[in-house]
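Our numbering puts the first residue of the sequence shown at 9, with every later residue one more than the last.
Below is one structure, written out as structure tokens; comments come after it.
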Amino acid sequence: MKKINKNYFKKTLSKFVTGITVVATNKNSIYYGKTINSFSSLSLSPPLVLFSLDIKSSQLNIFKNSNTVSINILSKNQKNISDNFAKKNPDWNNIDYNILKNGNPIIKNCLSNLDCKITNKIKKGDHIIFICEVINVSINYKLKPLIYFNSRYI
Numbered sequence: 009m010k011k012i013n014k015n016y017f018k019k020t021l022s023k024f025v026t027g028i029t030v031v032a033t034n035k036n037s038i039y040y041g042k043t044i045n046s047f048s049s050l051s052l053s054p055p056l057v058l059f060s061l062d063i064k065s066s067q068l069n070i071f072k073n074s075n076t077v078s079i080n081i082l083s084k085n086q087k088n089i090s091d092n093f094a095k096k097n098p099d100w101n102n103i104d105y106n107i108l109k110n111g112n113p114i115i116k117n118c119l120s121n122l123d124c125k126i127t128n129k130i131k132k133g134d135h136i137i138f139i140c141e142v143i144n145v146s147i148n149y150k151l152k153p154l155i156y157f158n159s160r161y162i
């Protein structure tokens, strides 16, 4: 075992295979989205999930002030969408999406989409953890997941 430091810790965690999500919301009919791989199920009853955002994220305040989000689990063919929403100023112009009743965008052709209500926000370390109750879901059984491992898509 080696003594932990930030870079070695990050490299260690890159060995954990994750899926990729885009968490999205809206403020005054302007859409916001952020690529997230720190996403997890939390509870089946009630149905809860969580994701986290770095406190340095350019969109942190947008999400902190939101009551609802959509969580879009990306499919294998959506690497460009992941890359787009990983940027500081992502562009919605080339994204195919629908709008939920609450005004949040959901990205089309995802593995699944979750319509969520944010129930809690917790600051831990250099991140804010968002706990969300899942209200509605859609699933596409025909698609394969976009997978991230060792700091790259596989």
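Idealized CB from N, CA, C, for every residue including glycine.
Determine the burial state of N144: buried for a count of at least 16 other Cβ atoms within 10 Å of its Cβ, exposed for fewer. Answer is exposed; the Cβ neighbour count stays below 16.
**Beta-carbon separation (whole angstroms), S83 vs K152, contact threshold 8 angstroms** = Under the criterion of beta carbons closer than 8 angstroms, S83 and K152 qualify as touching, at roughly 6 angstroms.
Practice item. From the DSSP output, read off the bridge partner residues of L61. Key: Answer is I136, bridged to L61.
Worksheet entry | Through-space distance from K87 to D104, alpha-carbon basis | If you take the alpha carbons of D104 and K87, they lie about 14 angstroms apart.
Hey, does P113 have any beta-carbon neighbour from chain C nearer than 7 angstroms? Among the protein chains of the structure shown there is no chain C, as only one such chain exists.
**Asked** How would you label T20, buried or exposed, when you count the other beta carbons within 10 angstroms and need 16 or more for buried?
**Response** The residue is exposed, with fewer than 16 neighbouring Cβ atoms inside 10 Å.
Does DSSP classify S90 as helix, strand or coil?
Shown here, S90 sits in a helix according to DSSP, grouped into three states.
Separation of N148 from L119, as counted between CA atoms = Here the C-alpha atom of L119 lies approximately 5 angstroms from the C-alpha atom of N148.
Can you give the Cα-Cα distance for K96 and E141, rounded to whole angstroms? Each residue's Cα considered, the two are about 27 angstroms apart.
Three-pair Cβ contact test at 8 angstroms for the region 56–76 versus the region 40–48 | Result yes; three or more Cβ-Cβ pairs closer than 8 angstroms.
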